[in-house]
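Structure, as structure tokens:
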Amino acid sequence: KIVIACHFERAGVAIATKLGADPSRVQDSMMRTMGDSGAGYPLVLLVAALEEAKPGDKILVVSYGNGSDALFLQVTDQIEKVRDNKGIKKWLARKKMLDNYDKYLAFREEIPMDKGFRGEESSSTQISALWRGRKSFLGLWGSRCKKCGTPIYPIQRVCVNPDCGAIDEMEDYCFADRKGTLFTYTADLLAYSINPPAIYGVLDFEGGGRFWFDIADCAPELLKVGMPMEMTFRIKYVEHGRGVSTYSWKAAPVME
């Protein structure tokens, strides 16, 4: 397979032909289904190629921009271990089509928006506080009591189990890769959101633990108490004045 990160599909085919390769082996540029993903574009195409690859296949990856790079890779049997990963196909299957071009322009900040009074509030990331709590905030790590086994988020010193209450008897416990069920939720039309309503919900994690999160990738009418959810790492807000993008964990319906 030949992966050429080029915006122009015919140009990629022409390059492969110039190299004496079969044009049918050129990886789909995905310009019709996804578009240009920026600096990660060559790696996105590589992942798409690996989804179809078998052990022993060879892949040539070519990118350009401020110079050019080429990688020649051979697929090993380790590829079988990641067959069930979400990958490019599953993420593209999850995409939602916008039927409103103005909304697309607003999402891309190509047109000014009247955010209203509630949208005037300026969110500001406290960098020092984020750094101190980076394990919980960015890694979604919590604690688990060594005495009773109760998982807790965020990281705590004291067990929240009323029958335990142990102090400083905790071990690290990660919630990021754990699924959960939706315990309760609300759709808020008063809070500012670029894509109203703002949706929040409380998750009960598999194995224990409960916390509230923003909910993404779902319209409120499709949510149901008890439905399976998973965690996804997304942009929370952007401070344009300082050029800071703040990320956080959000809940989303489990990808089938």
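For this note's numbering, count along the sequence shown from 1 and bump the result up by 881. Quick reminder that beta carbons are idealized off the backbone N, C-alpha and C, glycines included.
If you run the structure through DSSP and keep just helix, strand and coil, what is residue i?
| i | result |
| --- | --- |
| P1032 | strand |
| I960 | helix |
| G1023 | strand |
| A987 | helix |
| R913 | coil |
| Y982 | helix |
| L1084 | strand |
| E1001 | helix |
| Y1073 | coil |
| G1046 | coil |
| T1006 | coil |
| E933 | helix |
| A1011 | At residue 1011 the sequence reads Leu, which differs from the Ala that was named. It is helical. |
| I992 | coil |
| F1064 | strand |
| P1078 | coil |
| E1102 | helix |
Under 7 Å Cβ to Cβ from residue i, same chain only, skipping five residues before and after it: list those, please.
| i | result |
| --- | --- |
| C1045 | C1026, K1028, C1029, T1031 |
| T957 | P936 |
| I960 | L931, A934, P936 |
| P1101 | A1068, P1078, I1080 |
Could you round the C-beta distance between residue i and residue j to whole angstroms and report it? I think they count as a contact, below 8 Å.
| i | j | result |
| --- | --- | --- |
| P1035 | S1017 | 4 Å |
| L1063 | M1108 | 5 Å |
| K1060 | I1096 | Not a contact, Cβ separation roughly 14 Å. |
| K882 | R906 | 6 Å |
| I1033 | G1020 | Not confirmed; about 15 Å, so no contact. |
Does residue i get closer than 8 Å to chain D when you measure Cβ to Cβ?
| i | result |
| --- | --- |
| V943 | Structure shown: chain D not included; a single protein chain is present. |
Identify, in the order they occur along the chain, each residue of the same chain with its Cβ nearer than 8 Å to the Cβ of residue i, setting aside the five sequence neighbours on each side.
| i | result |
| --- | --- |
| D903 | A897 |
| R999 | L1071, A1072, Y1073 |
What do you get for residue i, buried or exposed, if any count of 16 or more other CB atoms within 10 angstroms of its CB means buried?
| i | result |
| --- | --- |
| G1124 | exposed |
| L900 | exposed |
| F1114 | exposed |
| S918 | exposed |
| I992 | exposed |
| Y922 | buried |
| M1110 | buried |
| G874 | Missing from the structure shown is residue 874; the chain here goes from 882 to 1137 and no further. |
| G1082 | buried |
| I1080 | buried |
| S910 | buried |
| G1122 | exposed |
| A908 | Per the sequence shown, the amino acid found at residue 908 is Gln instead of Ala. With 16 or more Cβ atoms within 10 Å of its Cβ, Q908 is classed as buried. |
Give every residue of the same chain whose Cβ lies closer than 6 Å to the Cβ of residue i, excluding the five residues on either side of it in the sequence, and list them in chain order.
| i | result |
| --- | --- |
| E1052 | R1025, K1027 |
| P1043 | none |
| L952 | V942 |
| T1127 | T1006, K1117, Y1118 |
| C1099 | P1134 |
| D1085 | G1061, T1062, F1064, R1091 |
| A1047 | C1026, K1028, C1040 |
Determine, using beta-carbon pairs with one atom in the segment 917-937 and one in the segment 964-979, whether at least three such pairs fall under 8 Å. yes
Evaluate contact between the segment 940-953 and the segment 882-893, counting only Cβ atoms and requiring at least three cross-stretch pairs below 8 Å. yes
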